[in-house]
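Structure, as structure tokens:
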Amino acid sequence: MLDFKPSFYEKIFASLDNNAVLMRLTDDGKYFPVWCSREFAEMMECTADEFIARERDDPSLRIHHDDRAEVDYLFKNRVTRAGTNNLTIRQRTLKNNWLWVNVHYAFVADGGDAYAYCNCFNVTKIKRDEERAKVLYEGVRAELENFSDSTLVALRLNLTRDIVEDCRGRERYDIDLRGMKISEHFNERTQYLPLERDRKKFVDDFNTTRLLENFAAGKNNQSAVFFSRRPSGRECFVNFSVTLRRDPDTEDIIAFATEQDYNNEVVSRTVLSKALADQYDMITYIVGGNYGVVIGDEANIPRGSIFPRKRTGSYDEYLNEQIKPALTGSHEEREKFYKALTLERIETALELREPYEVNIHCFIDGEIFHKRFVFYLVDRDAKFYILLKSDTTKIQRAQFAKNEQLRNALEIANQANVAKTAFLSAMSHEIRTPMNAIIGLDTIALREPGLPDKVREHLEKIGSSARHLLGIINDILDMSRIESGRMILKHEEFSFGGMLEQINTMVSGQCRDKGLNYDCVIRGHVDDFYIGDEMKLKQVLINILGNAIKFTATGGSITFHVEQVAHFEDKSTLRFVIRDTGIGIDKDYLHKIFEPFSQEDSGTSTSYGGTGLGMAITKNIVETMNGNISVRSEKGVGSEFTVNITLRNSPKSFDSVKGKKIEVSDLRVLIVDDDPIACEHAKLVLEEVGIAAETSLTGREAVEKVRLRRARHELYNILLIDLRMPDENGIEVTRQVRDIIGNESAIIILTSYSWDDVI
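So in the working numbering, the last one in the sequence shown is 947, and the numbering has no gaps at all.
Here it is, written out as structure tokens:
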């Protein structure tokens, strides 16, 4: 123990510029500070006076409990160690922060008093770095010892001592490498690398000197993929990975190395790369206004390339120097393509949707090529994007060729449709004409007096069958016009009351003949006249009413309700509701009722007849008129059909058209048709209602008769003219008649052709 006078060493300590504290030692083993330097006080996060005052009672309380016993022992027994007296302890500051402190101490005496002079150094950072290094070291060591199933070999190499310390794994080499020099290990290791390129890379990149240089430069991790032949003879790709650490105990540099089976990763990466390369000729990232090509090679693009000249560079330069000059199309199109590819537009577009896709056309080496740019967002804040570029020329050309084929096929289909239309139009005339003749002659024959009952029965069956066949023909022709889009709507003023009267006359007669009760009820106010297609509206209502009659047994009832349900501006919506007490419709069939050729069961057509087209035609007509139709039904109870149709309003009313009452017997009619049977039938029908009629088989004859009547001032009131006649058509005959009599006679043109085809 040094023997100094307190007054002397206190002056000495006070004059030293160091981080020190002077502790007084008592005989009972306690110690407390009597003086400390300013630097020491700052380390303890207080002033010197504060430290002396706070620590006077028991300074050991600020020493970590794990270190307190050692400090107590040294100070109590005045232990002087060989060499430098020092120890490292954990000490708490007055702000309760723990520090690692390295203490160099010496004992001094002043008579009967003993002191310990302590020079202290804050080594907290050093200790924490050591602990961190130890944790890292132990972590790598533990990982080495607990290798995964994919680890073939795990090695611990002491680079400082040039020795293999450990070797383990499920596919270790034939010899035990432990204790071998690392250079010898390399010679053994390269025997399992069959490719020269891999052997060279392994020796160059993983020799001891290179690894130590990397560690000194802070490069603690490196890896490479090699093709390896295992000791068993199996060949595979392996990932050789090295992690460098300093041993915290020996300070040696240790390399922890692993070999892992990498076949799956290589295959997956290759497949992904090839798949992307097949789909895209370039994959690029864009960040900070610059691009970098990740996948792609201009050598793989035989024609029409706009591949960047450099693998990395300015995106704006690439856009302006290579893409913009190649754009083709009008000036507006080129500007549109260019702006769509600017970074500003890309950023804005990716804010709204992802991916952002731009398709452009380029003119390169005399050809037009089609390119697709697809952008994805990686990081919005960093403005980091991925660009996938592909050449879609083959796809576009194939699409153009396909479109051309479709156009040709459509043209052929249109021609076939025209041919079908012509055929159906001809069929309409060629079948309807004789059918009308059959019906007409049948009607004439039934008027003959004294017909035997059997003959009358046969004639009635002929008429019924002919009308049924004519109805089938009409349905087929209507459906054909609907499917081909040739149905034309008229917008003509018509008498609404007159239309209802015609429908009621027809339906009430059929109901009376079958023994059904029929009521037509008009609810509220309806206008006298509307503007629309009277003929097609009448067809819809007669179709539904006809079905109601067909499927309702004798004694049943049919009601027909008409109501104007809405009136707005110059239009009104009319609702027609038809109810019957017929056989009803099964709920499972209701959704099929408006399909063509659809019937609830095979027995329906046998029992009731029909083609199954009526309701399909009805629905299509209603929808063409911007209306809607619905049905409710219960099997065995009946059905209810509702039709809503909107028609334009007409200012005309019955009051405004009242005129002189015409007596039917005063009317004179001329029938003009090249078919004598048709003429005879029409004349017979007119005579039944008291109208006198004459006939002409040619247009020329009809014109002469009109001229003679004009001379005698006995004009025909009505002329019924066939549209198509061999010598002159009905339009030309009408024109000549108008030249003679002007508008003094009404002319009605009749035809067995479809009016939609005629129009």
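Ideal Cβ placement from N, Cα and C applies to all residues, glycine included.
DSSP places Cys-234 outside both helix and strand once states are collapsed to three, so it counts as coil. The C-alpha of Ile-805 lies about 14 Å from the C-alpha of Ser-818.
Residue range 219-224 is occupied by the beta strand (DSSP E) that includes Pro-221, with no alpha helix (DSSP H) assigned at that position. Fully contained in the segment 720-780 are the following alpha helix (DSSP H) runs of length 4 or more, in chain order: 722-738.
The residue from Asp-440, Arg-377, Asn-478 with its alpha-carbon nearest to that of Tyr-573 is Asn-478. Secondary structure note for Arg-278: its beta strand (DSSP E) is the uninterrupted segment 274-280. Here the segment 833-843 lies against the segment 702-720, with 3 or more beta-carbon pairs under 8 Å apart.
Separation of the CB atoms of Ile-632 and Ile-650 is rounded to 12 Å, and the pair is thereby denied contact status at 8 Å. Nearest in C-alpha terms to Tyr-261, of all of Leu-213, Trp-286, Trp-223, is Leu-213. Boundaries of the alpha helix (DSSP H) harbouring Ile-809: 802-812, taken from the DSSP string. The alpha-carbon separation between Leu-858 and Asp-910 amounts to approximately 11 Å. The way I'd put it, the segment 550-559 does touch the segment 576-588; three or more beta-carbon pairs between them come closer than 8 Å.
In the three-state DSSP reduction, Ala-297 falls in the strand class (E or B).
Rounded to the nearest whole angstrom, the CA to CA distance from Thr-396 to Glu-353 is 14 Å. According to the DSSP assignment, His-253 belongs to the alpha helix (DSSP H) that extends over 253-265. Distances from the alpha-carbon of Glu-542 to those of Thr-516, Thr-312, Arg-533, Phe-563 put Phe-563 closest. The continuous beta strand (DSSP E) containing Thr-339 extends over residues 339-346.
Arg-674 and Leu-835 have their C-alpha atoms roughly 21 Å apart. Each residue's CA atom was taken as its position, placing Gln-448 and Ala-412 some 11 Å apart. In the DSSP annotation of this structure, the continuous segment of the alpha helix (DSSP H) that includes Ser-696 starts and ends at 684-702. Residue environment: Gly-712 is assigned as exposed (fewer than 16 neighbouring CB atoms within 10 Å of its CB, all protein chains considered). Of the candidates Ile-489, Tyr-473, Glu-592, the residue whose Cα lies closest to the Cα of Leu-565 is Tyr-473.
Nearest to Thr-742 by C-alpha distance, out of Thr-312, Arg-700, Val-891, Arg-763, is Arg-700. In this structure, Leu-345 keeps its C-beta atom at 9 Å or more from the C-beta atom of Ala-236.
Nearest to Phe-764 by C-alpha distance, out of Val-753, Asn-808, Asn-290, Val-831, is Val-831. Taking 8 Å as the upper bound for CB-CB distance, Leu-903 and Ser-933 are in contact here, some 5 Å apart. Taking 9 Å as the cut-off, the beta carbon of Glu-227 is found closer than this to the beta carbon of Ala-208.
Between Asp-854 and Asn-905, the C-beta spacing is below 9 Å. For the 9 Å CB-CB criterion, Glu-811 and Arg-820 do not form a contact. According to the DSSP secondary-structure assignment, Thr-830 is paired through a beta bridge with Val-765, Ser-818.
For Arg-767 and Asp-776, the gap between their C-alpha atoms comes out near 20 Å. Distance from Phe-220 to Met-211 at the Cβ level is roughly 7 Å; contact confirmed, criterion being Cβ atoms closer than 8 Å. Distance from the Cα of Val-482 is smallest, within the candidate group Arg-491, Pro-496, Gly-476, for Pro-496. Rounded to whole angstroms, the Cβ separation of Asn-409 and Thr-431 is 5 Å, and the two are in contact under 8 Å.
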